[in-house]
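Residue numbers (the working numbering), protein chains in the order written: chain A, 14 to 245; chain B, 14 to 245; chain C, 43 to 260; chain D, 43 to 260.
One structure is given below, encoded as structure tokens.
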Amino acid sequence: MNKVVASADAAISDIKDGAVIMLGGFGLCGIPENCIAALVKKGIKQLTCISNNAGVDDFGIGLMLKQKQVKKMIASYVGENAEFERQLLSGELEVELIPQGTLATRCMAAGYGLPAIYTPAGVGTEVADGKEVRKFNGKEYLLEYAFEADYAIVKAWKGDTAGNLIYKETARNFNPMMATAGKVTIAEVEELVPAGELDPNGIHTPGIYVHRIFQGQQYEKRIEQRTIRKKA
Amino acid sequence: MNKVVASADAAISDIKDGAVIMLGGFGLCGIPENCIAALVKKGIKQLTCISNNAGVDDFGIGLMLKQKQVKKMIASYVGENAEFERQLLSGELEVELIPQGTLATRCMAAGYGLPAIYTPAGVGTEVADGKEVRKFNGKEYLLEYAFEADYAIVKAWKGDTAGNLIYKETARNFNPMMATAGKVTIAEVEELVPAGELDPNGIHTPGIYVHRIFQGQQYEKRIEQRTIRKKA
Amino acid sequence: MALTKEQIAQRIARELKDGYYVNLGIGIPTLVANYIPAGIDVVLQSENGLLGMGPFPFEGEEDPDLINAGKQTITTVPGSAFFDSALSFGMIRAGKVDLTVLGAMEVSESGDIANWKIPGKMVKGMGGAMDLVASARNIIVAMVHSNPKGESKLLPACTLPLTGVKCVKKIVSDLAVLDVTPQGFRLLERAPGVSVEEIKSKTAGKLTVEGDIPEMKF
Amino acid sequence: MALTKEQIAQRIARELKDGYYVNLGIGIPTLVANYIPAGIDVVLQSENGLLGMGPFPFEGEEDPDLINAGKQTITTVPGSAFFDSALSFGMIRAGKVDLTVLGAMEVSESGDIANWKIPGKMVKGMGGAMDLVASARNIIVAMVHSNPKGESKLLPACTLPLTGVKCVKKIVSDLAVLDVTPQGFRLLERAPGVSVEEIKSKTAGKLTVEGDIPEMKF
Numbered sequence: 014m015n016k017v018v019a020s021a022d023a024a025i026s027d028i029k030d031g032a033v034i035m036l037g038g039f040g041l042c043g044i045p046e047n048c049i050a051a052l053v054k055k056g057i058k059q060l061t062c063i064s065n066n067a068g069v070d071d072f073g074i075g076l077m078l079k080q081k082q083v084k085k086m087i088a089s090y091v092g093e094n095a096e097f098e099r100q101l102l103s104g105e106l107e108v109e110l111i112p113q114g115t116l117a118t119r120c121m122a123a124g125y126g127l128p129a130i131y132t133p134a135g136v137g138t139e140v141a142d143g144k145e146v147r148k149f150n151g152k153e154y155l156l157e158y159a160f161e162a163d164y165a166i167v168k169a170w171k172g173d174t175a176g177n178l179i180y181k182e183t184a185r186n187f188n189p190m191m192a193t194a195g196k197v198t199i200a201e202v203e204e205l206v207p208a209g210e211l212d213p214n215g216i217h218t219p220g221i222y223v224h225r226i227f228q229g230q231q232y233e234k235r236i237e238q239r240t241i242r243k244k245a
Numbered sequence: 014m015n016k017v018v019a020s021a022d023a024a025i026s027d028i029k030d031g032a033v034i035m036l037g038g039f040g041l042c043g044i045p046e047n048c049i050a051a052l053v054k055k056g057i058k059q060l061t062c063i064s065n066n067a068g069v070d071d072f073g074i075g076l077m078l079k080q081k082q083v084k085k086m087i088a089s090y091v092g093e094n095a096e097f098e099r100q101l102l103s104g105e106l107e108v109e110l111i112p113q114g115t116l117a118t119r120c121m122a123a124g125y126g127l128p129a130i131y132t133p134a135g136v137g138t139e140v141a142d143g144k145e146v147r148k149f150n151g152k153e154y155l156l157e158y159a160f161e162a163d164y165a166i167v168k169a170w171k172g173d174t175a176g177n178l179i180y181k182e183t184a185r186n187f188n189p190m191m192a193t194a195g196k197v198t199i200a201e202v203e204e205l206v207p208a209g210e211l212d213p214n215g216i217h218t219p220g221i222y223v224h225r226i227f228q229g230q231q232y233e234k235r236i237e238q239r240t241i242r243k244k245a
Numbered sequence: 043m044a045l046t047k048e049q050i051a052q053r054i055a056r057e058l059k060d061g062y063y064v065n066l067g068i069g070i071p072t073l074v075a076n077y078i079p080a081g082i083d084v085v086l087q088s089e090n091g092l093l094g095m096g097p098f099p100f101e102g103e104e105d106p107d108l109i110n111a112g113k114q115t116i117t118t119v120p121g122s123a124f125f126d127s128a129l130s131f132g133m134i135r136a137g138k139v140d141l142t143v144l145g146a147m148e149v150s151e152s153g154d155i156a157n158w159k160i161p162g163k164m165v166k167g168m169g170g171a172m173d174l175v176a177s178a179r180n181i182i183v184a185m186v187h188s189n190p191k192g193e194s195k196l197l198p199a200c201t202l203p204l205t206g207v208k209c210v211k212k213i214v215s216d217l218a219v220l221d222v223t224p225q226g227f228r229l230l231e232r233a234p235g236v237s238v239e240e241i242k243s244k245t246a247g248k249l250t251v252e253g254d255i256p257e258m259k260f
Numbered sequence: 043m044a045l046t047k048e049q050i051a052q053r054i055a056r057e058l059k060d061g062y063y064v065n066l067g068i069g070i071p072t073l074v075a076n077y078i079p080a081g082i083d084v085v086l087q088s089e090n091g092l093l094g095m096g097p098f099p100f101e102g103e104e105d106p107d108l109i110n111a112g113k114q115t116i117t118t119v120p121g122s123a124f125f126d127s128a129l130s131f132g133m134i135r136a137g138k139v140d141l142t143v144l145g146a147m148e149v150s151e152s153g154d155i156a157n158w159k160i161p162g163k164m165v166k167g168m169g170g171a172m173d174l175v176a177s178a179r180n181i182i183v184a185m186v187h188s189n190p191k192g193e194s195k196l197l198p199a200c201t202l203p204l205t206g207v208k209c210v211k212k213i214v215s216d217l218a219v220l221d222v223t224p225q226g227f228r229l230l231e232r233a234p235g236v237s238v239e240e241i242k243s244k245t246a247g248k249l250t251v252e253g254d255i256p257e258m259k260f
């Protein structure tokens, strides 16, 4: 079962204007840098992007915003991006804000074939507007629907030709759930190995969820907040 | 955060008659052998056991059945056990059969703080009797509630003193979800190591879900169906 | 002549397509793995938590931690992955498994299936069957056409407690290959030497026979 | 004198108990990690997927794949574990995290909290705050008692859009420690040199003061 494609360009070649795309990552950590670059190069427009954050002005999804490729952004937190703010205030960009745990769990639900979940997040707030509220064991929950995307684009540390993925540290974040939630799932990895080289016990995303895989050409891995302590 | 207890006896010492207990494993694969032996020795009765299977006559949960410690068995498949059948037909034992995926997902729901899930399994069958049926995208689903237990008893391959667990091969099965679903979760492991020795990227069950851990004295790991092929 | 179990499995194997993820049930369906056509790359899913199931181990190489859903000792192939039962049924429920093959006691002309319970007999449980039939995108049933008393198991409606409703897409029995359509069973192929008349007489549910019905070759 | 941010963090740290799993929000809550009392073993959860968060790295040892929920470079302690965002919020939702500390713009006397949105200003989003407040078993809020205009932020009812309802259990402000009870705020401790009268005058919501109110010591 060989799922390897030649490049980021090849991986995203059939994504069209108006597509709904999930992009893994938390802040700039664990984002599919190579696919984002390819999407910017390809220049497709009117995209709906589902991602926890929207990048910064000159990196991550911010690069797509700068090209005005994004029609709608679905995220939990969109600070750190002046161009984003400008487009939002001018009405060029539509934004839907979703609690982070709800976003993660809605993606997971899609991958588990669960049509909806009940979560207490947002009960009694404007997030609950128009949503079904249901009590279980005396506590109120909102009904939230599974999230599927035309394409899920994720970034892993290691992957094999069968599509199995392993993530590194907190660069895992949203990538595993999004990988399960794409009608087509594209994975870019730092290191691509032949099937059989990864420990089957340590796979985070089984290959059945991954349709295309390639090794990214390079990773900048920009740090958003470089915090350090002094050596004693 | 040291969660180590001295032995299986110590781990289960506070389990009382009438407790609801989850036991990991699929068939005889990945079952908590040492805790089962301790439960048999302790002789507590009237237990409700939630486990995918009920063991065989002289191993696994079958040992507890033989001692008439089990009042109710909740499982997906209970073949391979003559004593089980005898107690069931005589009315000594109560049995609730649940589709395997539903059982797994109800345990997972507890660990994820989801009060209920919707699954298509059992729609239109007697499993649906008395349950809420709801349509999503034209397909019918049953509402099934999260499963919690007084004690979840699981078996892992490796564990550390902080309660982090790694399972081996298909001995993983129900253990990870059940580990998340216990009010008290007890883990027995083949190899217990100090915190820091396991790869944090490869942990299957984070220690936050585990309350007590110990290294099992020995593992028989009985094989239920020894199937082999001839060397050419 | 009616097909042997091996031939039923062999015929089902011809339904496999390159790139398929396949879940094979216990019994005849397990045998399908022995007949995967050359040049066809499929990955076998075992619902107890494995993608990439391989053949039985050589004697002395059995691993008690490595079994299939029938609790048999197995091996893995390169590129395999282990996971827990929740994710296993998650990928099944999400429709990621391309084909599910399982046995049946009865199938109805509308695609209902009964394969887990016989009233009056000890009930062992449904295991993963209800999850599989409710979720699989494509289900092929391997079965014998009639019970030992000669009564048809392809019925207008199932008489046994159901495992799932309107889910079976195709049946490979010892006598025939049939599709389940909105108009009931449709005969596609017959076993070598078995006549259309015999299949008709042994199919209690509505059966459509159109044109020439080819004989299976082995 | 009003407490400094460091002192607020220091006071909150005294609420930690041995064996606690703790989630610390961005801002003052993050500082709590610097004041964990000796002999108290707590595990820090970062909702982007880590149990066992350690201090900031030494210069040159920053790892871009290892950050906290504030996107700061961090380290891990022995016994740490990484997981995905769904499991991270799963353990939060399941009540496995013993204590959550976060900041607030407003808290009401019934324990409602507002900390994510100011009408008319750019809304950055709630991040994980709504999940945390809806699920945490025990929430302590770190905040300043009044806004720069001198208006109380401990109110009969929040004026800003809510993050969660009836969830805050305790508040450590720059002036006082207060519980949220069914009868409204209850004063527990006052900042050094701050009078009960001052706290009363700066608390707009219902406030109960019973007996002698001790002064915090640092």
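We treat Cβ as the ideally placed atom computed from N, Cα and C, and that holds for glycine.
These figures come from a predicted structure and were not determined experimentally.
Cβ proximity to chain D below 9 Å picks out 193, 194, 207, 208, 209, 210 from the segment 184 to 210 of chain B.
Assignment of residue 220 (chain C) by DSSP, reduced to helix, strand and coil, places it in the strand class. In the structure shown, the three-state DSSP call for residue 139 (chain B) is helix.
For residue 240 (chain B), the nearest CB of chain C lies under 8 Å from its own CB, placing it at the interface with that chain. Taking 8 Å as the cut-off, the beta carbon of residue 180 (chain C) is found closer than this to the beta carbon of residue 140 (chain C).
Within chain A, the C-beta atoms nearer than 7 Å to that of residue 182 (chain B) come from 214, in chain order. The three-state secondary structure of residue 214 (chain B), taken from DSSP, is helix. Taking each of B:237, B:171, B:167, B:84 in turn and checking the Cα distance to residue 47 (chain B), the smallest one comes out for B:167. Apart from the 5 residues on each side of it in sequence, residue 84 (chain A) sits with its Cβ closer than 7 Å to the Cβ of 59, 60, 61, 107 in its chain, given in chain order.
Flagged as an interface residue toward chain A: residue 150 (chain B), by a C-beta distance shorter than 8 Å. Contact annotation: residue 195 (chain A) and residue 165 (chain A) have beta-carbon atoms nearer than 8 Å.
Scanning chain A for C-beta atoms nearer than 8 Å to the C-beta of residue 125 (chain C) yields 216, 219, reported in chain order.
By the Cβ-count criterion, residue 88 (chain C) is buried, with 16 or more other Cβ atoms from all chains shown falling within 10 Å of its own Cβ. Straight across, the Cα-Cα distance linking residue 102 (chain A) with residue 164 (chain D) is about 8 Å. Remark: C-beta atoms of residue 200 (chain D) and residue 176 (chain D) do not approach each other more closely than 8 Å. Spatial neighbours of residue 171 (chain C) in its own chain (CB-CB distance under 7 Å, excluding positions within 5 residues in sequence) are listed in chain order as 144, 157, 158, 205.
For residue 96 (chain A), the enclosing alpha helix (DSSP H) begins and ends at 95 to 103. When rounded, the separation of the alpha-carbon atoms in residue 134 (chain D) and residue 119 (chain A) is 16 Å.
At least one beta carbon of chain B lies nearer than 8 Å to the beta carbon of residue 207 (chain C). Of the candidates C:130, C:46, C:81, C:130 places its Cα closest to the Cα of residue 187 (chain B).
Judged by their CB atoms, residue 196 (chain D) and residue 251 (chain D) are not nearer to each other than the 8 Å cut-off.
Counting only the Cα atoms, residue 73 (chain A) lies some 46 Å from residue 241 (chain D). The shortest C-alpha to C-alpha distance from residue 232 (chain B) to any of B:163, B:161, B:41 is the one to B:41. Per DSSP, residue 205 (chain D) lies in no alpha helix (DSSP H) segment and is marked neither H nor E. A straight-line Cα-Cα distance of about 31 Å links residue 162 (chain D) and residue 51 (chain D).
Under the three-state reduction of DSSP, residue 50 (chain B) is assigned to helix. Distance from the Cα of residue 97 (chain A) is smallest, within the candidate group D:123, D:167, D:103, for D:167. Comparing C-alpha distances from residue 174 (chain B) to each of B:157, B:210, B:95 shows the shortest one belongs to B:210. For residue 34 (chain A), the uninterrupted beta strand (DSSP E) run begins and ends at 33 to 36, by DSSP. Cβ neighbours of residue 207 (chain A) within its own chain (closer than 7 Å, five residues either side excluded): 173, 174.
Taking a contact to require three or more Cβ pairs closer than 8 Å, the segment 111 to 130 of chain A and the segment 152 to 165 of chain A qualify as touching. The criterion of a C-beta distance shorter than 8 Å is not satisfied by residue 234 (chain A) and residue 202 (chain A). Judged by beta-carbon spacing, residue 125 (chain C) lies beyond the 8 Å limit of residue 189 (chain A), meaning their Cβ atoms are not closer than that value. Linking residue 197 (chain A) to residue 224 (chain A) through their CA atoms gives a straight-line distance of about 6 Å.
Closest option to residue 202 (chain C), judged by alpha-carbon separation, among C:224, C:230, C:146: C:146.
When only Cα atoms are considered, residue 220 (chain C) and residue 244 (chain C) end up about 13 Å apart.
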